[in-house]
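*Asks:*
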Amino acid sequence: MRTQVGIVGGGPAGLTLAMLLQRENIECVVLEARDRAYVEKRVRAGLLEQNTVDLLRELGVGARLDREGLEHSGVYLRHHETNHYVDMAALTGRHITIYGQQEVVKDLTNALLDRDVPVHFEVANVALHDVDSDNPRITFEHQGDKHVLTCDVIAGCDGFHGVSRQTIAEHITEYEYVYPFGWLGILAEAPPATEELIYAWHPNGFALHSMRSPNVSRLYLQVPADEDIEEWPDDRIWEELRTRLGDVNEGNVSEKGITPMRSFVAEPMQHGRLFLAGDAAHIVPPTGAKGLNLAVNDVRLLAPALTDLLKSSSPELAEGYTTAALRRVWRAQDFSNYMTQMLHDLYGGPFQGRLQLARLEYIARSEAAARSLAENYVGLPAQPDF
Ligand code: RFL
Ligand code: PHB
261 MRTQVGIVGG GPAGLTLAML LQRENIECVV LEARDRAYVE KRVRAGLLEQ
311 NTVDLLRELG VGARLDREGL EHSGVYLRHH ETNHYVDMAA LTGRHITIYG
361 QQEVVKDLTN ALLDRDVPVH FEVANVALHD VDSDNPRITF EHQGDKHVLT
411 CDVIAGCDGF HGVSRQTIAE HITEYEYVYP FGWLGILAEA PPATEELIYA
461 WHPNGFALHS MRSPNVSRLY LQVPADEDIE EWPDDRIWEE LRTRLGDVNE
511 GNVSEKGITP MRSFVAEPMQ HGRLFLAGDA AHIVPPTGAK GLNLAVNDVR
561 LLAPALTDLL KSSSPELAEG YTTAALRRVW RAQDFSNYMT QMLHDLYGGP
611 FQGRLQLARL EYIARSEAAA RSLAENYVGL PAQPDF
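With my numbering, the residue at position 11 of the sequence shown is 271, and numbering never jumps.
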């Protein structure tokens, strides 16, 4: 088997890259470890930046997003039982949209299969070889058979635990910070009790009220990193959500889990003919809602770089990929860390709590502070200098 770009991983990064390459008539094959039903059900991100929405529309996969996505103009920052509205649309002219990551994945997968781009699910024992050469190879098993896929380029879009980054580990510097807390997240069959998202500071810890549709709420609670989910029966979750968020509408809990939180960057994002994109190269804590959007931004930069490399043998953009992508990655790292530090119990005592409240007050009182938060949150314009 041969293709121009072998894409490892069928999450948002891999699938969006495949769409971008297909548009340029560059051949690619997507290899995904999980089965299709699992990938399309996996509940993860929900908040899309304007840049991400614009790109999905441009790729012809915006129809359902336009029908079902919930466009938002701002968020509430809450402390001491008071919600302060940050009107992001007024401050930046841009919006954010709630539309589940698994819906994006479904739309992209359908569009790729419609366009005859191969997406192979349930591949096993994926290994990358000779990424230093002009003919890197991917070996894998699919439906009981062993395959070798020879490529011009490999895109490692296989998430934080994938094989791609590990293949070039000796060429990479890793920057990492692991937070001493995580998020307990639930999906509840209940209409959201708020029009806009609420990010809440509370002495008991952070909470977030988000949603997926007019009938489904997505809610999160800060818990210690080593917390056992068994300690959190539904009644305790609802009580704690009410304490931290005020009004919440209760409903059947259809999904429940604890996500650890880390900040992580791998530099460089390329070695030889292997290019990393998305969570394979970087992780942000979810407080800034940047993970999925960064993954999409990486491939927005990677697609023209690979197009130039493969169609006209021009390596300049490919050589500049790491620098261009990391500029936005580190900006998002800083923003996500800032949001996290401002809103979570950092287990640092009352002094830290007072500093957090001073930051929240500053955003409520200063338009400059609110605008800075807003332009980062809605996403800086998708230009090469950011
Ligand atoms: P993904 O989505 O992890 O996809 C990688 C894919 O690769 C597959 N894979 C392999 N395939 C072949 N061979 C192998 N050896 C493989 N190993 C793995 C995996 O099965 C998977 O399908 O990475 P990608 O594409 O880079 O996308 C990144 C996003 O998924 C991630 O950043 C976001 O979900 C993060 N995130 C959020 N991002 C936002 O932009 N807005 C949000 O509101 C937001 N909320 C969140 C989040 C992540 C969360 N969790 C659970 C980590 C909320 C949560 C709770
Ligand atoms: C979500 O809806 O899952 C969500 C929203 C905002 C965040 C993180 C997660 O910051």
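For each residue, glycine too, the CB sits at the ideal point set by N, CA and C.
Touch check for the region 372 to 387 and the region 327 to 338: three-plus C-beta pairs under 8 Å?
*Replies:* With the cut-off at 8 Å, the region 372 to 387 and the region 327 to 338 do not touch.
*Asks:* Run through DSSP, which three-state label would F535 get?
*Replies:* By one-based count along the sequence shown, residue 535 stands at place 275. Three-state DSSP puts F535 in a strand.
*Asks:* So, with DSSP's three-state summary, where would you put A460?
*Replies:* The residue given as residue 460 occupies position 200 in the sequence shown. Three-state result, A460: strand.
*Asks:* Please indicate yes or no: does the CB of P546 lie closer than 8 Å to some heavy atom of the ligand PHB?
*Replies:* Numbered from its first residue, the sequence shown carries residue 546 at position 286. P546: yes, Cβ under 8 Å from the ligand PHB.
*Asks:* Quick check: the Cα distance between A297 and R614, rounded to an integer number of angstroms?
*Replies:* For this step, residue 297 is matched to residue 37 along the sequence shown. For this step, residue 614 is matched to residue 354 along the sequence shown. Their backbone Cα atoms lie some 46 Å apart in a straight line.
*Asks:* Let's test the definition: count the other Cβ atoms within 10 Å of the Cβ of K571 and tell me whether it reaches 16, buried, or not, exposed.
*Replies:* Mapped onto the sequence shown, residue 571 falls at position 311. With fewer than 16 Cβ atoms within 10 Å of its Cβ, K571 is classed as exposed.
*Asks:* Take L351 as the anchor and find which of L640, M521, A634, V525 has the nearest alpha-carbon.
*Replies:* Stepping through the sequence shown from its first residue, residue 351 is reached at position 91. Nearest C-alpha to L351: A634.
*Asks:* May I have the straight-line CA-CA distance separating E576 from N385, to the nearest angstrom?
*Replies:* To locate residue 576, count along the sequence shown from 1; it is residue 316. To locate residue 385, count along the sequence shown from 1; it is residue 125. Distance between the alpha carbons of E576 and N385 is about 33 Å.
*Asks:* Can you determine whether any heavy atom of the ligand PHB sits closer than 8 Å to the C-beta of M471, and answer yes or no?
*Replies:* By 1-based counting over the sequence shown, the position of residue 471 is 211. Yes, the Cβ of M471 comes within 8 Å of a heavy atom of the ligand PHB.
*Asks:* Compare the C-beta of Q616 against all C-beta atoms of chain C and say whether one is closer than 9 Å.
*Replies:* The structure shown has no chain C; it contains just one protein chain.
*Asks:* Relative to the ligand PHB, is the shortest distance from any of its heavy atoms to the C-beta of I358 smaller than 8 Å?
*Replies:* As a first step, residue 358 must be located in the sequence shown, where it is residue number 98. For the ligand PHB, at least one heavy atom lies less than 8 Å from the Cβ of I358.
*Asks:* Does the Cβ of I497 lie closer than 8 Å to at least one heavy atom of the ligand RFL?
*Replies:* The residue labelled residue 497 in the question sits at position 237 within the sequence shown. No - the ligand RFL has no heavy atom lying nearer than 8 Å to the Cβ of I497.
*Asks:* In chain order, what are the residue ranges of uninterrupted alpha helix (DSSP H) at least 4 long that sit wholly in the region 395 to 479?
*Replies:* Runs of the alpha helix (DSSP H) inside the region 395 to 479: 424 to 427.
*Asks:* If R397 and G445 are in contact, beta carbons under 8 Å, what's the gap, nearest whole angstrom?
*Replies:* Looking up residue 397 in the sequence shown gives position 137. Looking up residue 445 in the sequence shown gives position 185. Between G445 and R397 the Cβ distance is about 39 Å, and since that is not below 8 Å, they are no contact.
*Asks:* Using the rule of at least 16 other Cβ atoms within 10 Å of the residue's Cβ for burial, across every protein chain shown, is D394 buried or exposed?
*Replies:* Translated into positions along the sequence shown, residue 394 becomes position 134. Exposed.
*Asks:* Would DSSP call F524 helix, strand or coil?
*Replies:* Indexing the sequence shown from 1 puts residue 524 at position 264. Three-state result, F524: strand.
*Asks:* Identify whether G517 lies in helix, strand or coil by the three-state DSSP scheme.
*Replies:* Residue mapping note: residue 517 aligns to position 257 of the sequence shown, counting from 1. The answer is strand: DSSP assigns G517 an E or B state.
*Asks:* According to DSSP, what are the bridge partners of P484?
*Replies:* As a working mapping, residue 484 is identified with position 224 in the sequence shown. Bridge partners of P484: F441.
*Asks:* Quick one: give me the first and last residue of the beta strand (DSSP E) that T547 is part of.
*Replies:* If you number the sequence shown from 1, residue 547 lands on position 287. From DSSP, T547 is part of no beta strand (DSSP E); its letter is neither H nor E.
*Asks:* What does DSSP give as the partner residues of R327 in its beta bridges?
*Replies:* Position 67 of the sequence shown, counting from 1, holds the residue named residue 327. Partner(s): none; R327 has no beta bridge.
*Asks:* If you measure between the beta carbons of G353 and A540, is that distance less than 9 Å?
*Replies:* Within the sequence shown, residue 353 is the residue found at index 93, counting from 1. Within the sequence shown, residue 540 is the residue found at index 280, counting from 1. Taking 9 Å as the Cβ cut-off, G353 and A540 do not qualify as a contacting pair.
*Asks:* Should the region 478 to 490 be regarded as contacting the region 547 to 554, the criterion being three or more beta carbon pairs within less than 8 Å?
*Replies:* Taking 8 Å as the limit for Cβ pairs, the verdict is that the region 547 to 554 does not touch the region 478 to 490.
*Asks:* Whole angstroms are fine: how far does the CA of L566 sit from the CA of V383?
*Replies:* On the sequence shown, residue 383 is found 123 positions in, with the first residue counted as 1. On the sequence shown, residue 566 is found 306 positions in, with the first residue counted as 1. Cα-Cα distance, rounded: 24 Å.
*Asks:* Can you tell me which of L505, L586, R591, L617 puts its alpha carbon nearest to the alpha carbon of Q601?
*Replies:* For the purposes of this step, residue 601 is taken as residue 341 along the sequence shown, with counting starting at 1. Nearest option by C-alpha distance: L617.
*Asks:* Take N512 and list the residues in its own chain whose beta-carbon comes closer than 6 Å to its own, dropping the five residues that flank it on each side.
*Replies:* On the sequence shown, residue 512 is found 252 positions in, with the first residue counted as 1. Counting only Cβ-Cβ distances below 6 Å, and skipping sequence neighbours, we find E449.
*Asks:* Straight-line CA distance for V476 to L569?
*Replies:* Sequence index remark: in the sequence shown, residue 476 carries index 216 (1-based). Sequence index remark: in the sequence shown, residue 569 carries index 309 (1-based). Approximately 45 Å between the Cα atoms of the pair.
*Asks:* Taking the continuous alpha helix (DSSP H) assigned at L316, which residues delimit it?
*Replies:* Locating residue 316 in the sequence shown gives position 56, where the first residue counts as 1. Taken as a continuous stretch (DSSP letters only), the alpha helix (DSSP H) holding L316 covers 310 to 318.
*Asks:* Report yes or no: do the region 335 to 350 and the region 587 to 594 share at least 3 C-beta pairs separated by less than 8 Å?
*Replies:* The region 335 to 350 vs the region 587 to 594: no contact.
*Asks:* Do you know offhand how far E515's Cα is from K301's?
*Replies:* On the sequence shown, residue 515 is found 255 positions in, with the first residue counted as 1. On the sequence shown, residue 301 is found 41 positions in, with the first residue counted as 1. Spanning the two alpha carbons is a distance of roughly 11 Å.
*Asks:* Determine the contact status of P362 and V290, defining contact as a CB-CB distance below 9 Å.
*Replies:* As a position in the sequence shown, residue 362 is number 102, starting the count at 1. As a position in the sequence shown, residue 290 is number 30, starting the count at 1. In the sequence on display, residue 362 carries Gln and not Pro. Contact: no.
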